[in-house]
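Numbering of the sequence shown is given in my numbering, commencing with residue 1428 and proceeding in unit increments. Since the structure comes first, as structure tokens, the remarks are kept for the end.
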Amino acid sequence: METPLSNPGGTTGNFWLWDGNRPYWGTRTDLTGWSGLLLLLLVFSPILPAQERTPWAFGFGVGVVFPPSEEWFAHETPNGLNLNASLVRFYRKWLTVQGRAHLDYFSDERRRDFQPYIGLLSLTLEPRLHLLSFRGVFSPYLFGGAALTLYRVAEPGQQTSTPGGVLREERVTRWNAGYALEAGAGVGIKLSGNTQLSLEWRRNRFRKFGSRPAISYNTVLLSFLFDVDWKL
1428 METPLSNPGG TTGNFWLWDG NRPYWGTRTD LTGWSGLLLL LLVFSPILPA
1478 QERTPWAFGF GVGVVFPPSE EWFAHETPNG LNLNASLVRF YRKWLTVQGR
1528 AHLDYFSDER RRDFQPYIGL LSLTLEPRLH LLSFRGVFSP YLFGGAALTL
1578 YRVAEPGQQT STPGGVLREE RVTRWNAGYA LEAGAGVGIK LSGNTQLSLE
1628 WRRNRFRKFG SRPAISYNTV LLSFLFDVDW KL
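Given below as structure tokens:
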């Protein structure tokens, strides 16, 4: 008789899902449904309107999510997807403040009965400190911030037996709230007078409001930033 994998073997990777009352980490991500959106973002990004009249900029990007560096060499390395959009306010050449909405999505395809997943939708406010600029083209920076987060997670549900004697679990999903702290480093690359490409690494530490333990994961992001003529 086949039974559900309540605690998948080889949980050496780090991704936050729940098995009963215990957190465990998943392994792989299902990118189905996101490819069309990613294609639109990448194809139409160079033709969005932009101006240099105000200190505001709009950005969007995509990224990959993976466990802390100490988990890179695990037998099965978990990973996921990040989609984000941001509004940036320039205060000084060395200081910007960014409001960012982002979705982090993971799934675990090892489960034979169903595919659990977790999706985190966060609103982040973060200052950026621009250290220096190389010929006005390359600008490395440091940043840190805090986020309010809603997350939706699939958890194991009630077990049922099929006519063939196979045990299955129904998918149980619910919305929960939490918060996150983020910090990292990046580099901005000026593509034109009003367009910038950013590559950055983020360390995310997320905690549910309540008793769940905090979890950490890393994100590598590729983003486009456009100046906009908004009279705000």
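Using N, Cα and C, we set each Cβ at its ideal position, and we do this for glycine too.
Put simply, the backbone Cα of residue 1641 is about 31 Å away from that of residue 1558. Taking the CA atoms as reference points, residue 1528 sits about 14 Å from residue 1651. Residue pairing by DSSP places residue 1521 in no beta bridge whatsoever.
Taking C-beta separations shorter than 7 Å and ignoring five residues to either side along the sequence, the partners of residue 1635 in its chain run 1603, 1605, following chain order.
For residue 1626, the enclosing beta strand (DSSP E) begins and ends at 1622 to 1635.
Taking every protein chain shown into account, the CB of residue 1563 has fewer than 16 other CB atoms within 10 angstroms, so this residue is exposed.
The three-state secondary structure of residue 1527, taken from DSSP, is strand. Under the three-state reduction of DSSP, residue 1575 is assigned to strand. Out of 1515, 1545, 1490, 1520, the CA that lies nearest to the CA of residue 1600 is found in 1545. DSSP places residue 1558 outside both helix and strand once states are collapsed to three, so it counts as coil.
If you ignore the 5 residues before and after residue 1524, its C-beta comes within less than 8 Å of the C-beta of 1515, 1516, 1518, 1552, 1553, 1554, 1555, all in its own chain and listed in chain order.
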